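From first to last, the protein sequence lines stand for chains A and B. Residues in the first sequence are numbered consecutively from 479, following the working numbering. Residues in the second sequence are numbered consecutively from 479, following the working numbering.
2 protein chains.
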Amino acid sequence: MLDYKQIIDKLDWKKNNGLIPVIVQGLDGDVLTLGYTDKEALSKTLETGYVHYYSRSKERIRMKGETSGNYQKLKEVYVDCDNDTLLLKVDQTGPACHLGTKSCFRKIEQIDKLPDSNIDYSLDFLNQLKEII
Amino acid sequence: MLDYKQIIDKLDWKKNNGLIPVIVQGLDGDVLTLGYTDKEALSKTLETGYVHYYSRSKERIRMKGETSGNYQKLKEVYVDCDNDTLLLKVDQTGPACHLGTKSCFRKIEQIDKLPDSNIDYSLDFLNQLKEII
Chain A
479 MLDYKQIIDK LDWKKNNGLI PVIVQGLDGD VLTLGYTDKE ALSKTLETGY VHYYSRSKER
539 IRMKGETSGN YQKLKEVYVD CDNDTLLLKV DQTGPACHLG TKSCFRKIEQ IDKLPDSNID
599 YSLDFLNQLK EII
Chain B
479 MLDYKQIIDK LDWKKNNGLI PVIVQGLDGD VLTLGYTDKE ALSKTLETGY VHYYSRSKER
539 IRMKGETSGN YQKLKEVYVD CDNDTLLLKV DQTGPACHLG TKSCFRKIEQ IDKLPDSNID
599 YSLDFLNQLK EII
């Protein structure tokens, strides 16, 4: 097995207490979730080809789908220009969100018909936003 | 002008010292960058319709494109299931990355032809990764 440590150590782990944010995007382009990885979780992700996260709430590494079966098969790996963020493209099995939805992200408002400045957010928008958050 | 404070206060600003990560995605589906926002930057983003960030290195709010002209016109707003991450879909003017590339993310490796486990990373992959990071 190859030693990933030398490579992983070149990423910038200092900005966020040893964690790096990981954007996970499905093959159809939908952004599915934002998770976090530490060195060990990233090593497991690269070695196995399945996405592992460091869970900040549970304070442990978990493979996505280990209990739900909703695995994220790694397809492509991207690093950003600051070496402090990862983007992983995955083949998602089932829903990505623990709430049962395809993505963890829910749309609040489509504003493509609003003017460039002094946007007049309608009361509908406010009500919609309040329901969601 | 509407008061966004009541809404913005419902987002979870505690997990990351008052900052929330913001995934920015172009209209063609490409993920362009990951930035951070505080309450004031998000308020400016929603009010003006142009993406503002809180720059951790410069410790100030800046509108994307304020010096480069590479603005990000806000089109859609998404919130994740934990209310601690935003996804903004934008109409990007020019390159999103300060290095002049369309996206801040660079692909390291395409691994869609590799087996599900015991992935045999080739030496080419290692060399490619070393060049990038």
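Glycine included, every Cβ here is placed at the ideal spot set by N, Cα and C. Quick caveat: nothing in here was measured; it's all calculated off a predicted structure.
Whole-angstrom distance between residue j and residue i, CA atom to CA atom
{"i": "V568 (chain B)", "j": "V509 (chain B)", "result": "10 Å"}
{"i": "L520 (chain A)", "j": "V502 (chain A)", "result": "13 Å"}
{"i": "Y514 (chain A)", "j": "I498 (chain B)", "result": "14 Å"}
{"i": "G496 (chain A)", "j": "D506 (chain B)", "result": "32 Å"}
{"i": "D487 (chain B)", "j": "Y532 (chain A)", "result": "27 Å"}
{"i": "R695 (chain B)", "j": "N548 (chain B)", "result": "Within the shown structure, residues of chain B are numbered from 479 to 611, placing residue 695 (chain B) beyond reach of any answer."}
{"i": "T526 (chain B)", "j": "Q550 (chain B)", "result": "11 Å"}
{"i": "Y504 (chain B)", "j": "C575 (chain B)", "result": "Rather than Tyr, the amino acid found at residue 504 (chain B) in this sequence is Gly. Those two C-alpha atoms are separated by around 12 Å."}
{"i": "L577 (chain A)", "j": "H530 (chain B)", "result": "30 Å"}
{"i": "L512 (chain A)", "j": "S535 (chain A)", "result": "14 Å"}
{"i": "N494 (chain B)", "j": "K493 (chain A)", "result": "11 Å"}
{"i": "L489 (chain B)", "j": "V555 (chain A)", "result": "30 Å"}
{"i": "Y528 (chain A)", "j": "I586 (chain B)", "result": "16 Å"}
{"i": "L524 (chain B)", "j": "V500 (chain A)", "result": "25 Å"}
Where residue i meets chain A, residues with beta-carbon distance less than 7 Å
{"i": "R584 (chain B)", "result": "Y556, V557"}
{"i": "L565 (chain B)", "result": "V509, F583"}
{"i": "I501 (chain B)", "result": "I501, V509, L512"}
9 Å Cβ cut-off: residues of chain B touching residue i
{"i": "I498 (chain A)", "result": "In chain order: nothing, as chain B lies at least about 10 Å away."}
{"i": "L577 (chain A)", "result": "C559"}
Identified DSSP bridge partners for residue i
{"i": "T514 (chain B)", "result": "The displayed chain sequence assigns Tyr, not Thr, to residue 514 (chain B). Y514 (chain B) is bridged to B:P499."}
{"i": "G504 (chain B)", "result": "B:V568"}
{"i": "S533 (chain B)", "result": "B:R538"}
{"i": "Y528 (chain B)", "result": "B:K551"}
Presumed contact (8 Å Cβ cut-off) between residue i and residue j, rounded CB distance
{"i": "L564 (chain B)", "j": "L552 (chain B)", "result": "With a Cβ gap of about 11 Å, L564 (chain B) and L552 (chain B) do not count as contacting."}
{"i": "K522 (chain B)", "j": "W491 (chain B)", "result": "Not a contact, Cβ separation roughly 16 Å."}
Residue i Cβ short of 7 Å to the ligand NAP heavy atom set
{"i": "D487 (chain B)", "result": "No copy of the ligand NAP occurs in the structure displayed, which carries no ligand at all."}
Are at least three pairs of beta-carbons, each pair with one atom in the segment 534 to 550 of chain B and one in the segment 558 to 576 of chain B, less than 8 Å apart? yes
Given 8 Å as the limit, is there contact between the segment 580 to 587 of chain A and the segment 545 to 561 of chain A, that is, 3 or more CB pairs closer than that? no
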